[in-house]
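*Asks:* Structure in structure tokens, see below.
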Amino acid sequence: MRKKIMAMLLAGVLAGISVMPVFATETENVEQAADADRERSDDAADSGQTDGEAADGETSDGETSDGEVQEIVIPKGNMVNVDVIDLSLHAETTGDRTPVYAYENPFRGQDTSKGAVIEFYANPTWDVHVLGTIFAINGSGEYDGKLYFTPGSYLGFNSADFGGFFDANLFNYNIVTDYIKNGALIRIELLPDGFAVYSDDVLCYDQTILDNPEAGDGDFTSTSDFSNVLTWLSGAEALYFGYGSWWNTVSDTANIELSRISFRLPDGTVLMDQLQADKDLVESLGGSVAAVAAVDGQTEVKLADVNVEIFDINSVSYQGSSVLPLMTAVVAVVVLGALVAVILACRPRTYE
């Protein structure tokens with residue numbers, strides 16, 4: 068009886084050894100999938116604010132509900148040139164966010180009477196948050212107001228003293244049409260008689276969208292005078308990337324990598340075409356910039372150039388032998404050994 072038990076234990080051990088690698092692999096896969104689901108879970112919800120309503124009692128960045136004017140302060144950090152910025156970077160986990168990328172408005176003090184052009188490449192990295200912010204130009208005091216564009220391809224403007232507000236390509240705070248999709252070069256042209264939004268040089272919509280109540284809203288229509296918007300643009304103080312619209316909560320983070328920016332006048336005068344980032348701030352938030360050169364006392368940051376040599380894989384020959392026969396023989400020996408042990412243990416014996 069004791070030998071039978073030992074034989075059964077031996078067979079169980081052999082079976083367990085063969086199953087362990089598969090079980091370990093499946094367990095690891097399940098754990099990795101669970102971790103991925105936790106990382107991808109979006110616990111955010113839209114803030115529920117209406118257009119023109121700002122958080123914490125503010126009517127905009129520049130004026131509180133009691134009428135006190137607050138000047139916009141643009142932080143000055145260890146600014147370095149970069150090719151790409153990650154608009155999802157932020158330190159807060161709940162509540163309102165603070166700007167990571169803040170600059171002086173390049174159109175401030177310029178003659179914008181004939182128009183303005185804003186261009187950038189937007190590369191989505193995760194879920195689209197309709198009310199997030201790719202860029203926003205903010206003004207305070209006499210030029211209180213906002214102009215912004217979101218990952219939902221929604222263009223918005225609001226300034227009570229410069230014509231009111233318009234929402235283009237937005238209906239019930241949801242996407243009408245996503246023109247960025249998997250990545251696109253967006254160009255926004257602001258003109259005295261309206262605006263136009265292009266994706267990869269194809270017209271997405273213009274001011275006529277405001278005449279469609281299921282795609283636009285506001286005080287402006289397709290026949291309105293938009294010159295007041297351009298006047299406001301020349302007086303607003305700040306430019307933000309990833310911040311600055313009416314909705315600055317964590318749930319509305321723009322999951323966008325931004326590059327190839329250009330702020331210019333219609334005659335081709337370039338006012339801003341280089342992205343910059345506060346190196347210390349970005350690194351403190353878990354981002355990364357790699358300084359590779361110093362030119363005229365300023366650090367230039369860019370991706371390293373990599374030369375890749377293309378070769379024909381069919382031109383490479385391989386010689387070798389398969390280990391399958393050896394492994395098959397080893398498995399067969401182990402199985403036969405186990406069977407012999409079981410047979411010997413179970414054979415009837417006569418004891419004197």
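Numbers in the numbering used here are just positions in the sequence shown, counted from 1, shifted up by 67.
Just so it is clear, CB atoms sit at the ideal spot from N, CA and C, and this is done for glycine as well.
Once you ignore the five residues that flank Asp339 on each side, which residues in its own chain have a CB closer than 6 Å to its CB?
*Replies:* Working through the sequence shown from its first residue, we reach residue 339 at position 272. Per the sequence presented here, residue 339 reads as Met, with Asp not at that position. For Met339, where only same-chain residues beyond five positions count, the Cβ hits under 6 Å are Pro173 and Phe330.
*Asks:* Work out the CA separation of Tyr168 and Val349 for me, nearest whole Å.
*Replies:* The residue you call residue 349 lines up with position 282 of the sequence shown. The residue you call residue 168 lines up with position 101 of the sequence shown. For Val349 and Tyr168, the distance between alpha carbons rounds to 9 Å.
*Asks:* Between Tyr221 and Asn236, is the Cβ-Cβ spacing less than 8 Å?
*Replies:* For the purposes of this step, residue 221 is taken as residue 154 along the sequence shown, with counting starting at 1. For the purposes of this step, residue 236 is taken as residue 169 along the sequence shown, with counting starting at 1. Contact: yes.
*Asks:* By alpha-carbon positions, which one of Tyr210, Ser207 and Ser355 ends up nearest to Val30?
*Replies:* One cannot answer for residue 30 here, as it falls past the ends of the chain, which runs 68 to 419.
*Asks:* Out of Ile185, Val149, Asn145 and Leu154, state which residue places its alpha-carbon closest to the alpha-carbon of Ile323.
*Replies:* Taking the first residue of the sequence shown as position 1, residue 323 is located at position 256. The residue with the shortest Cα to Cα distance from Ile323 is Leu154.
*Asks:* From the DSSP output, which residues share a beta bridge with Ser355?
*Replies:* To locate residue 355, count along the sequence shown from 1; it is residue 288. Its beta-bridge partners do not exist; DSSP assigns none.
*Asks:* Would you kindly check if the distance between the Cβ of Pro166 and the Cβ of Tyr272 is under 8 Å?
*Replies:* Translated into positions along the sequence shown, residue 272 becomes position 205. Translated into positions along the sequence shown, residue 166 becomes position 99. It is not a contact, given that the beta carbons lie outside the stated cut-off.
*Asks:* Does the segment 276–285 come within contact of the segment 180–189, defined as at least 3 CB pairs closer than 8 Å?
*Replies:* These segments do not touch.
*Asks:* Go to Asn225, then tell me how far its alpha helix (DSSP H) extends in each direction, as first and last residue.
*Replies:* Start at 1 with the first residue of the sequence shown, and residue 225 comes out as number 158. No alpha helix (DSSP H) holds Asn225; the beta strand (DSSP E) holding it covers Leu222 to Ser226.
*Asks:* Three-state secondary structure (DSSP) at Ala203?
*Replies:* If you number the sequence shown from 1, residue 203 lands on position 136. Three-state result, Ala203: strand.
*Asks:* For the segment 259–313, list the beta strand (DSSP E) runs that are entirely contained and at least 3 residues long, ordered along the chain.
*Replies:* DSSP runs (the beta strand (DSSP E)) wholly in the segment 259–313: 261–266, 269–273, 283–285 and 305–308.
*Asks:* Please state whether DSSP places Leu41 in a helix, a strand or coil.
*Replies:* Nothing can be reported for residue 41, as the shown portion of the chain is limited to 68 through 419.
*Asks:* Reducing DSSP to helix, strand and coil, say where Glu159 ends up.
*Replies:* What you label residue 159 is simply residue 92 of the sequence shown in a count that begins at 1. DSSP places Glu159 in coil when its eight states are reduced to three.
*Asks:* My assumption, with CB atoms under 8 Å, is that Ala344 sits in contact with Ile141. Please give the rounded CB distance.
*Replies:* By 1-based counting over the sequence shown, the position of residue 344 is 277. By 1-based counting over the sequence shown, the position of residue 141 is 74. That belief does not hold up - the Cβ atoms of Ala344 and Ile141 are roughly 14 Å apart, past 8 Å.
*Asks:* Kindly confirm or deny that the segment 240–247 and the segment 289–296 touch, where touching means at least three C-beta pairs closer than 8 Å.
*Replies:* With a cut-off of 8 Å, the segment 289–296 and the segment 240–247 do not count as touching, because too few Cβ pairs lie within range.
*Asks:* At the level of alpha carbons, what is the spacing between Arg254 and Thr316?
*Replies:* Residue numbering aside, residue 254 sits at position 187 when the sequence shown is read from its first letter. Residue numbering aside, residue 316 sits at position 249 when the sequence shown is read from its first letter. Those two C-alpha atoms are separated by around 26 Å.
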